[in-house]
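What follows is a single structure, written as structure tokens, with notes after it.
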Amino acid sequence: MNARRQVAAVVFLVIGIAPLTAQPRASAWHGRAQALVRADSIDAALRTLTAEVRVAGTPAQTRTAAWVIGRFRQWGVAADSDVYEVWLPHARRAALRWRGAWLPLAEPPLPGDTQTALPAYPSAAGYSAPGGVRAPVVYVHFGLPEDYRRLDSLGVDVRGRIVLVRYGRAFRGIKVREAERRGAAAVLLYSDPQEDGNARGPVVPVGPWRPPQSLQRGSVYNGAGDPTTPFRPSRPGTRRAPLDSAEVPRLPVLVLPATAARALLADLGGPEAPRDWQGALDAPYRLGPSADSAEVVVEDDRDARPWKRVVNTLARFPGRAYPREQVLLGAHRDAWGPGAADNASGTAVVMEVGRVLARLWRAGWRPARTVVLATWDAEEWGLIGSTEFVEGDSAALFRHAVAYLNLDVVATGASFGAGGDPVLRPLLRSAAARVPAPTGGGSLLALWQRQTGQRQPPMEDPGGGSDFEPFYNHLGIPHLDWGFAGPYGVYHSRYDTYDWLRRFGDPDLERHVAAARLGLELVLALADTAVWPYDFGELARTVAGEIESLARAAPTLALGPLRAALDTLRAADQAFRAATARPLRGAAAQARVNAELLAAQRQFVRPEGLPGAPWTRSLLFAADPDNGYATLALPGVRLALRRGDAVAAQRELDDLAMRLRAAAAALRRASAALRRPTPPRRAGPSSRP
């Protein structure tokens, strides 16, 4: 526990200590926990959370933190706030003038859905620069490097011009970064109906897709955490980087509805856009530049009150045997509007898990490890709340966090999916086998198998875009996330309401119930299993697939040592699996085993980070810096190849082979500890993350 976070400490009476098991298995607590999950409890949380617009740094968002803390305390759980002071300028005005008229940018309320009439954040992107720009407009497709190269080949220059950019294929911040590199004067981001509008199906209020008057808000900051305090928690009095060195955009950025984009395209002029650049708007898609100039205006409060309070909430169930070891479950609480799917859904499920665990606590359950339930603030602006928390306690988390479980957009449809670190994937699949499917007819795992047509459904590798990033990409802490997906056209709009969620995302909330039950299964398994449930065989299989992909992409690389190191890790994992079938030989052996498992898992974290990206320390998976959302497997190798540096790529491969061998050695030591009692010794990675 970090005293700086002012988390209330409560001394609980320990009612008996049940023996720990060597392998994850369902106990009586698991079945009891599942039976306690209630849809009406989740519904009540959703209604409360969506009653206000929860933009980070506003009084409304601070009120939701107080409400969450109050609910946990009513249940008898130690809970408190975790507060930071961050640089978070809010837009005051955003406007676009075209051909003598100010285009309508506000999303009109919908009859019958009162939440669509709540106050809306202006149509400027988060962390847009303020300013006024008058310039011709150029259409640049998705605004990615390959699009600008194509414009170069067509003789279209964007320097000093306003670029019209479609959402899709990459994080919006990457699009703004590329526009700035190309010398654009301002950026207009819009949602084309081809991606999430009427080209996909019926739009709100009839269907789930985005209506033409809707816009997608969002941050265009490509970093994580407060831009003024990299690597440090943003507490009052913290040393801050100068604002002119903060890695935020230097040009104004508006977000537009399709109706405004259509007005621009209709009069753009210039050559016709390539066929594969055409969208679904009823307008000619031309490249420009326009004969007329558009005027972009963004005003914000950075000169008046740019510093905002960001408030996480933390609830704790103290561990009885290993209180320093932590299992964390979290969801972001902030939103750009009512935010029902994104992310009242995740917050409501975290709270339901907490309510059920509180019931178990009153019945006598005591976790072996400390369980932390978090709701994060300012995720939508750049993973700020979770990153500040991690940066403020990085050494302890690096050495003692068993896993981080993340819930972000729990249910927008019926298709189940999951992702995360390979070492935890078998645990999730086994937990899903114990959770009833929301539709009936077997387990959640069986539903997943039917939907994917695979006995072992694929899981997504860690990438970017949510609060697992500081835990996994920065510290290498294994993570999992899960949810139900479907047509979701109201992302980051004022139409992501409770009504939309109950009509289209999860009408009876059974998907939320299943997500909560799965979360409980995972938390209980991770908190009470004697041996940390890491599966290095799954990790080896995943890395082997990436090696074969590398072999095809770069046939001149010497991959033999890496393949041999993988074989060594597989053999060590098989021996460890066999050893865990035997009873544990006392607490000392258990401590030694878990220390070696930690050492094995954290081998794939480099303290100094990746070349050119020191904040990213994971060597197995990371967010692609040229996409923002997508996964980049073996990022050190891939980025070196992207730079055309084959020598550096080989050096990264050799380093990875060394780390695989070191992980195998740690597993062999863990197997030895299971075979004979030995006094615990200090093992594991450096305490410096």
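Residue numbers 544 to 1232, in the numbering used here, belong to the letters of the sequence shown in order. Ideal placement from N, C-alpha and C gives every residue a C-beta, glycine not left out. It should be emphasised that the depicted structure is a prediction, and the values quoted were computed from it without experimental measurement.
query                                                                                                                                                                             : result
According to DSSP, is F685 part of a helix, a strand, or is it coil?                                                                                                              : coil
Whole angstroms are fine: how far does the CA of R1106 sit from the CA of A1216?                                                                                                  : 27 Å
Report the three-state DSSP secondary structure of F774 (helix, strand or coil).                                                                                                  : coil
Over what stretch of residues does the beta strand (DSSP E) that includes A608 continue unbroken?                                                                                 : Here A608 belongs to no beta strand (DSSP E); instead the alpha helix (DSSP H) covers P602 to Q617.
Under a Cβ-count criterion, where at least 16 other Cβ atoms within 10 Å of its own Cβ denotes burial, should T955 be classed as buried or exposed?                               : buried
Contact between the segment 644-655 and the segment 676-692 is defined here as three or more beta-carbon pairs at a separation below 8 Å; is this criterion met?                  : no
Just the Cα atoms here: how many angstroms apart are Y1077 and L900?                                                                                                              : 24 Å
Determine which residues share a DSSP beta bridge with Y733 and list them.                                                                                                        : R709 and L799
Tell whether a beta-carbon distance below 8 Å holds between L824 and P736.                                                                                                        : yes
Kindly list the residues whose CB is nearer than 6 Å to the CB of A565, restricted to its own chain and excluding five residues on each side of it in sequence; keep chain order. : Residue placement at A565 is flagged as unreliable, the pLDDT there being 44, under the threshold of 50; the coordinate-derived value follows with that caveat. The residues are A1073, V1074, T1123 and L1127.
Per DSSP, which one or two residues make a beta bridge with L1153?                                                                                                                : A1156
Which word fits D769, buried or exposed, when buried means at least 16 other C-beta atoms lie within 10 angstroms of its C-beta?                                                  : buried
Work out the CA separation of V870 and L1069 for me, nearest whole Å.                                                                                                             : 7 Å
Considering only the alpha carbon of each residue, which of D877, A874, G983 and W908 lies closest to P861?                                                                       : W908
Can you grab the Cα-Cα spacing for the pair R1181 / G963, in whole Å?                                                                                                             : 20 Å
Is it a yes or a no for the segment 1001-1011 touching the segment 850-859, going by three-plus beta-carbon pairs under 8 Å?                                                      : no
Relative to the C-alpha of A588, which candidate in T890, L1153, E1151 and E1091 has its C-alpha closest?                                                                         : T890
Which ranges does the alpha helix (DSSP H) cover as unbroken runs of at least 4 residues, wholly within the segment 872-925, from first to last along the chain?                  : 888-905
Hey, would you say the C-beta of S762 is under 7 Å away from at least one heavy atom of the ligand ATP?                                                                           : Summarising the ligand content, the structure contains no ligands, and the ligand ATP is consequently not present.
Tell me, please, whether the segment 625-633 touches the segment 719-727 by the rule of three or more beta-carbon pairs shorter than 8 Å.                                         : no
Could you pull the start and end residues of the beta strand (DSSP E) that G1026 belongs to?                                                                                      : H1022 to A1028
Counting only the same chain and skipping the five closest in sequence on each side, list residues whose C-beta sits under 6 Å from that of E1053.                                : P981
I think D1039 touches A883, with their Cβ atoms under 8 Å apart; what is that distance to the nearest whole Å?                                                                    : 5 Å
Would you call L758 buried or exposed, if buried means 16 or more other Cβ atoms sit within 10 Å of its Cβ?                                                                       : buried
Which residues in the same chain have their Cβ closer than 6 Å to the Cβ of T772, if we skip the five residues on either side of it in sequence?                                  : T781 and R783
Give me the Cβ distance between Y764 and W924, rounded to the nearest whole Å; I'm assuming they're in contact under 8 Å.                                                         : 7 Å
I'd like to know if the segment 1173-1192 and the segment 1035-1050 are in contact, where contact means that at least 3 CB-CB pairs between them fall below 8 Å.                  : no
Mark G1187 as exposed unless 16 or more other C-beta atoms lie within 10 angstroms of its C-beta, in which case mark it buried.                                                   : exposed
Give the C-beta separation of V1033 and V747 to the nearest angstrom, bearing in mind that I take them to be a contact with Cβ-Cβ under 8 Å.                                      : 6 Å
Please determine if the segment 705-712 and the segment 676-695 are in contact, where contact requires at least 3 C-beta pairs separated by less than 8 Å.                        : yes
Around the Cβ of R1212, are there at least 16 other Cβ atoms within 10 angstroms (buried) or fewer (exposed)?                                                                     : buried
Assign D787 to one of two classes, buried (16 or more other C-beta atoms within 10 Å of its C-beta) or exposed (fewer than that).                                                 : exposed
Sort out for me which residues DSSP pairs R949 with in a bridge.                                                                                                                  : Residue 949 is actually Asn in this sequence, not Arg. In DSSP, N949 forms a bridge with G873 and D1024.
Thinking just about the alpha-carbon of each residue, which of G1088, F615, E1081 and A1134 is nearest to the one in A1114?                                                       : E1081
Can you find at least 3 beta carbon pairs, one from the segment 806-819 and one from the segment 598-608, that sit closer than 8 Å?                                               : no
So, using beta-carbon positions, are R635 and D846 closer together than 8 Å?                                                                                                      : no
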